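Working notes for the structure below.
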Amino acid sequence: MAFVVTTLIFAAVGIIASLLVRICFSGGPSANLLHFTLVVTAVVCSWMMWAIVYLAQMKPLIVPILSEGE
Amino acid sequence: MAIDEFLDNLPPMDLMRSEKMTLVQLIIPVESAHRAISYLGELGLVQFRDLNADKSPFQRTFVNQVKRCAEMSRKLRFFKDQISKAGLLSSARPAMQPDIELEELEIQLADHEHELNEMNSNSENLRQSYNELLEFKMVLQEASGFLVSHDNHTVSEERELDENVYSNNSYVETASLLEQDMMRPGRPDQSGLRFVSGIICKSKVLRFERMLFRATRGNMLFNQALADEQIMDPLSTEMVEKVVFVVFFSGEQARTKILKICEAFGANCYPVPEDVTKQRQITREVSLRLADLETTLDAGIRHRNKALTSLSFHLAKWMNMVRREKAVYDTLNMLNFDVTKKCLLGEGWCPIFAKTKVQEALQRATFDSSSQVGIIFHVMDAIESPPTYFRANHFTSPFQEIVDAYGVARYQEANPAVYTVITFPFLFAVMFGDWGHGICLLLGALVLIARESKLSSQKLGSFMEMLFGGRYVLLLMSLFSIYCGLIYNEFFSVPFHIFGGSAYKCRDATCSDAHSVGLVKFRDPYPFGVDPSWRGSRSELPFLNSLKMKMSILLGVAQMNLGIIISYFNARFFASSIDIRYQFVPQIIFLNSLFGYLSLLIIIKWCTGSQADLYHVMIYMFLSPTDALGENQLFWGQRPLQIILLVLALIAVPWMLFPKPFILKKLHTERFQGRSYGILNTSEMDLEVEPDSARSQYHEEFNFSEVFVHQMIHSIEFVLGAVSNTASYLRLWALSLAHSELSTVFYEKVLLLAWGYDNFAVKLIGLAVFAFATAFILLMMETLSAFLHALRLHWVEFQNKFYHGDGYKFKPFSFASLTEDED
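Going down the list, the protein sequences come from chains X and P. Counting the first sequence from 1 gives a position; this note's numbering is that position plus 42. Going by this note's numbering, the residue at position 734 of the second sequence is 721; the numbering climbs one at a time, nothing skipped.
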């Protein structure tokens, strides 16, 4: 559940970022397409990183075993 | 298909493919040629092809002008040298004077050089006389001491009387004693003793004395004294120490020997009169002459410096002008005269969007040079491949340079820089992930960007220049590093609870078995990033290693799939359906049926928490695919699915190997059925086809074995590369582990250790060592290391799926790109 919610948050951030970039750095249609590609790539990379780390911790096979002195 | 239509209706993306280029031919009448080329140089959008490539530099048309320009730039460099040697600052006064023509400039430069050379030689001569006189003065000073002490006792009283008498006497001889013949080294004494006085470098004195001793068989007396001041040696322009000497000897032969030895050792002999009065008079005269010379020298230097200063105002402008003219003549040398000798023919590449600008510049040139005939400018077809031109702004250009360093894109193939802008800093950050270090990098990048205008006009060292050129790369790298640092939860290796409490707690209130069995997970996973409870625990490394290795595989498979999909778009753009059907499809099937399947298994194992051993699954999928899976079963239907995927992978290999060469052969024979000769070159413009023209004959050979071997190499490379490239992505895990461990060591073993002591000095030293270690090892070395590995992943693993990189870059003739130190 939390996974889906956060994924939707990433998607929303992506949409907002593309709109902001369109407003601030608008060029011709070719340039806009390039900016859109860059934003989408960045959001997809960031989401993948987060998703991998989140999924790996969902049902862990080992747990933290504290070392001496903690 | 709807997708195809959608894709076709999209506007072309900016940086994705090279700008469309066209081959143009220019026919320029001679009178407007120079002006036309200058205007095109200012515009900077045409790359001329060298039509005279087979001619040596001396056979070309405008070789004289080029020589003149080279001569002028030599003179200008000479002036620059002189200005810097004289220690003047070259300031450029804003050009108030009107622009001057090249011929006028040539004459002016010749005049200035002549004047400067004269001034220099004059001051050379003056300085030489000055040195000689100075040496004479020193010899007089010191040698008089020797001569006085040497005199016989019998004449000592006489001498004293003389001294007193003559020094009180204000009678001064009108004739200067210097005018007399000075080669006689003093009147012969009663004992026949004579002397030679002079001055020699201190370093040679010992050998000199010994040589004299040997030559005169010991019959000499050598007195020496160090001179008061140092003298400037004209050859080495340094100040050297000199020693004044007086050699007493008897006999004429000894004298010749001694003089010859003096000459050999470079000692300057100056005659010193024995008479004290004469000595004083000569000393006075010499001093006067010295003062005169000094004033003359100073005046000369001031005059020269004034001339140099006035030159330095214009120097930069003139150098610029000469450089431009030389470039224009070099370009004119690339053009050809036509038969009538009244026009110049030129060929060049130019982007299609710039055509109107070029035409307008040419029209202006025709108008400005009041030529009757206009310049003809038209496009031609080219067989040769055009240069590649990407219009990158200063944000995307460092990334473009990174890609170009491997190979410039073929004309109109997909540019990996579009994705590299984001994935390169991202992969860097995966290996660097620490948001404390990321903030340090961010500060550095912001400093560079803030002082952009100031630093871009300065001349920087090569390292600083690279760093400054990559400031936007550094900015993105630092931003992604901060993000990945937050995900790995490392701030100088210290975890924080920024996103809430940990998901793990002790099993019971006493935490008794926390050190043996460990904590227990009691709620949802940590919402963002790695749980802070892991840091410092005994099972930290097994957990993180497993996580990072699987992460590397997933990221690698994703990037490689992106590469193959880009190759699909390339095939679609060049309308090569063979490539789509017999290269793209089998490649995607092969990669995904093996490593895509592995990625799927990883995700399923994470989601279900199964204890299946993925190594086992993958290996036995190949070794014994029909065996029962037992406890390695992750989902229903796994065994049949694995068999299907294995079969697909096995089919994909001959699918990408065999059909393509046979189909190419069939297409070739269809195309040239019945024709045994090549394509004829028919065109309207049939006047001399330039030998270097791009419209040369196209060779029509199809070598089947060559094509087949090429395809085989390509397929084997892909199949074996699929395994090795996937494993290569594990460097993401390796470097991020190294970074994290280094960071932990510095934090725990340096900072915490030093902080444990009560002593303030120890704490300070510990802090300093921690700061230095972080700055040099982590921030510099690790940055370079992660940069290099991220670069390798892009250049090899990503780009070998689709990139040919065998194009050449568009280098237009542009004044703006002429660099300072071109000569």
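For glycine and all other residues, C-beta sits at the position ideal for the given N, C-alpha and C. Model, not experiment: these values are computed from the prediction.
Nearest-angstrom Cβ-Cβ length linking residue i and residue j, presumed shorter than 8 angstroms
i: Thr410(P); j: Gln546(P); result: 7 angstroms
i: Gly287(P); j: Asn112(P); result: With 8 angstroms as the limit, Gly287(P) and Asn112(P) do not qualify as a contact, their Cβ atoms being about 10 angstroms apart.
i: Ala415(P); j: Ala773(P); result: The sequence as given places Phe at residue 415(P); Ala does not occur at that position. With 8 angstroms as the limit, Phe415(P) and Ala773(P) qualify as a contact, their Cβ atoms being about 5 angstroms apart.
i: Lys647(P); j: Gln698(P); result: 5 angstroms
i: Phe530(P); j: Ile94(X); result: Going by Cβ atoms, the distance from Phe530(P) to Ile94(X) rounds to 14 angstroms, so no, they are not a contact pair.
i: Phe896(P); j: Ala709(P); result: Only positions -12 to 810 of chain P appear in the structure, and residue 896(P) is not among them; the question remains open.
Residue environment, residue i, which counts as buried when at least 16 other CB atoms sit within 10 Å
i: Lys329(P); result: exposed
i: Pro(-1)(P); result: exposed
i: Pro71(X); result: exposed
i: Lys42(P); result: exposed
i: His140(P); result: Low confidence applies here, because His140(P) scores a pLDDT of 40, under 50, leaving its location unreliable; read the following figure in that light. Exposed, since its Cβ has fewer than 16 Cβ neighbours within 10 Å.
i: Asn690(P); result: exposed
i: Ser468(P); result: buried
i: Cys249(P); result: buried
i: Glu769(P); result: buried
i: Tyr129(P); result: It is worth fixing the name first, because residue 129(P) is Glu in this sequence and not Tyr. Result: buried.
i: His21(P); result: buried
i: Cys56(P); result: buried
i: Ser730(P); result: buried
i: Pro641(P); result: exposed
i: Val366(P); result: exposed
i: Ser444(P); result: exposed
i: Ser539(P); result: buried
Inter-residue Cα distance where the pair is residue i and residue j
i: Val50(P); j: Lys229(P); result: 53 angstroms
i: Val46(X); j: Phe800(P); result: 56 angstroms
i: Val85(X); j: Pro44(P); result: 56 angstroms
i: Glu735(P); j: Tyr491(P); result: 23 angstroms
i: His726(P); j: Phe483(P); result: 18 angstroms
i: Cys471(P); j: Asn532(P); result: 16 angstroms
i: Phe759(P); j: Met767(P); result: 11 angstroms
i: Gly624(P); j: Phe78(X); result: 40 angstroms
i: Arg181(P); j: Asn206(P); result: 12 angstroms
i: Asn74(X); j: Val63(X); result: 9 angstroms
i: Gly617(P); j: Lys508(P); result: 28 angstroms
i: Leu740(P); j: Met3(P); result: 53 angstroms
i: Thr613(P); j: Leu635(P); result: 15 angstroms
i: Gly238(P); j: Asp262(P); result: 21 angstroms
i: Ala401(P); j: Trp742(P); result: 55 angstroms
i: Asp566(P); j: Ile700(P); result: 16 angstroms
i: Phe66(P); j: Ala432(P); result: 40 angstroms
i: Ser274(P); j: Val53(P); result: 53 angstroms
i: Asn39(P); j: Arg779(P); result: 40 angstroms
i: Thr497(P); j: Leu506(P); result: 12 angstroms
Nearest residue (CA-CA) to residue i, options the options
i: Gln69(P); options: Ser702(P), Lys647(P), Lys293(P), Phe450(P); result: Lys293(P)
i: Gly488(P); options: Lys244(P), Leu208(P), Pro514(P); result: Pro514(P)
i: Leu213(P); options: Leu780(P), Leu127(P), Phe235(P), Thr296(P); result: Leu127(P)
i: Tyr716(P); options: Phe386(P), Met699(P), Ile24(P), Lys535(P); result: Lys535(P)
i: Gly74(P); options: Thr296(P), His301(P), Asp279(P), Ser444(P); result: Thr296(P)
i: Leu280(P); options: Leu120(P), Val504(P), Thr383(P); result: Leu120(P)
i: Leu463(P); options: Trp782(P), Ser503(P), Asn476(P), Phe413(P); result: Phe413(P)
i: Leu246(P); options: Met198(P), Ile14(P), Arg267(P); result: Met198(P)
i: Ile186(P); options: Val234(P), Thr203(P), Leu208(P); result: Val234(P)
i: Phe486(P); options: Ile104(X), Lys101(X), Leu103(X), Tyr96(X); result: Tyr96(X)
i: Glu93(P); options: Met219(P), Phe200(P), Val309(P); result: Val309(P)
i: Val737(P); options: Ser480(P), Ser60(P), Ala241(P); result: Ser480(P)
i: Ser19(P); options: His502(P), Ser356(P), Lys244(P), Gln445(P); result: Ser356(P)
i: Val504(P); options: Arg568(P), Arg525(P), Ser611(P); result: Arg525(P)
i: Asn579(P); options: Ser465(P), Ser611(P), Gly543(P); result: Gly543(P)
i: Leu644(P); options: Asn619(P), Ser702(P), Ile15(P); result: Ser702(P)
i: Met59(P); options: Lys313(P), Val732(P), Met219(P); result: Lys313(P)
Residue i beta carbon near the ligand FAD (any heavy atom closer than 7 angstroms)
i: Phe560(P); result: Although the ligand FAD was asked about, the structure shown includes no ligands whatsoever.
Review point. Does the stretch 95 to 110 of chain X come close enough to the stretch 552 to 565 of chain P that 3 or more CB-CB pairs lie under 8 angstroms?
Key: no
**Study point:** Contact the stretch 370 to 384 of chain P vs the stretch 420 to 437 of chain P: 3+ CB pairs below 8 angstroms
**Key:** no
Practice item. Indicate whether the contact test is met: 3 or more Cβ pairs, each with one atom in the stretch 24 to 43 of chain P and one in the stretch 417 to 430 of chain P, closer than 8 angstroms. Key: no
Review point. Between the stretch 784 to 800 of chain P and the stretch 737 to 755 of chain P, do at least 3 Cβ pairs fall closer than 8 angstroms?
Key: no
Point to revise | Validate contact between the stretch 6 to 17 of chain P and the stretch 334 to 353 of chain P using beta carbons, cut 8 angstroms, 3 pairs | key: yes
Practice item. Mind the definition here: the stretch 27 to 38 of chain P touches the stretch 309 to 322 of chain P only if three or more C-beta pairs lie below 8 angstroms; say whether that holds. Key: yes
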